[in-house]
Amino acid sequence: MEQLTYRSVTDFYELRVLSKLQSTAWPMEMFTSAVQMKAVVQHGGSVIAAYEGERPAGFCYGFAAYDGNEPYLHSHMMVVHPDFRDRGVGTRLKLEQRLWAIEQGYSAITWTYDPFQLRNGYLNLCKLGGTVSIYMPAIYGCDEQGDPSDRFLIRWELTSPRVCSAIRSKRAADPRWLDYVKLVDDAANPNGRLPAWDSLSGGYLLAVPRDAAGIKKNRPDVIVAWKLWLRELCEEAFGRGFRIVGLLPGDTEVDYYVLEGEI
């Protein structure tokens, strides 16, 4: 098996080849065209790709963004071909994107992900050191079962002590998290009760079902209830200055997002 190489891509014909990888992960209505990616790389954005020889294994694509306070890079899409999954390609693509962004003068990268995709959550929060303080409800509408496409917005402070420690594999978890107050620990019975926000232990643990896809297949109403509960709780918590800083393994049914007050 040939070792993968990673590099920025700006050539239109290479971008056109990369764009075809999207069919391995996303429906067509979510595709980004090679024409769009070419425009982006000419105006402050990037496409970073992984290759095995000449064969593309995956890529990540980000564009220049501005929130009214500072410029940053928004990482809109990452695709890894199925043949190359579980080889750390996604993590390496993000690290290469980070190095590129720092060289260009960016201090942060943002991206969104589904809160119930816990594998992505572990990568984003624990391995990369990102944090979440913005909840985005139904950004792509709802599916035919009424399940809203809610997303967390990850913020990755590229040179912060937290991020530098995480990418050196020194911050997968904090032992203090085990003492935080658990909010819901029954995967079948989420509820809408909000905490008093007076925890003396330093934070809260937000339970999420480990097998969300399986539950949705059999009981889509339960997943919608979980999502609406998580939405309400996160919007309240973020409004009070809390943020999500990690993901803690739980039992066979749930894992826990770690919620702490911002320092």
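According to the numbering used here, the sequence shown holds residues 224 to 486 in order.
Think of the CB as a built atom: it goes at the ideal place given N, C-alpha and C, for glycine as much as any other residue.
Ranked by Cα distance from ARG239, the first of VAL312, THR228, PRO279, GLY268 is PRO279.
Looking from the CA of VAL468, the closest CA among GLY352, ARG391, TYR403 belongs to GLY352. Proximity of the region 289–305 to the region 336–354 falls short of the contact definition, fewer than three beta-carbon pairs being nearer than 8 Å. Its Cα nearest to that of GLU275, the residue LEU227 stands out among MET253, LEU227, THR233. Burial of PRO432 is indicated by the presence of at least 16 other C-beta atoms within 10 angstroms of its C-beta. Counting C-beta pairs with one atom in each stretch, the region 344–363 and the region 311–325 have three or more that are closer than 8 Å, which means they touch. Just so you know, the alpha carbons of SER242 and ASP434 end up roughly 31 Å apart.
Using a Cβ-Cβ distance cut-off of 8 Å, the region 396–407 and the region 464–484 are in contact, since at least three pairs of beta carbons, one from each stretch, lie closer than that value. For the pair of segments examined, the region 282–290 was found to touch the region 254–265: the number of CB pairs separated by less than 8 Å reaches three.
In this structure, TYR229 sits near ILE271, with a CB-CB distance shorter than 8 Å. Here GLU380 carries a strand assignment [DSSP, helix/strand/coil]. Check the Cα spacing between GLY364 and each of ASP373, PRO443, TYR358: the tightest is with ASP373.
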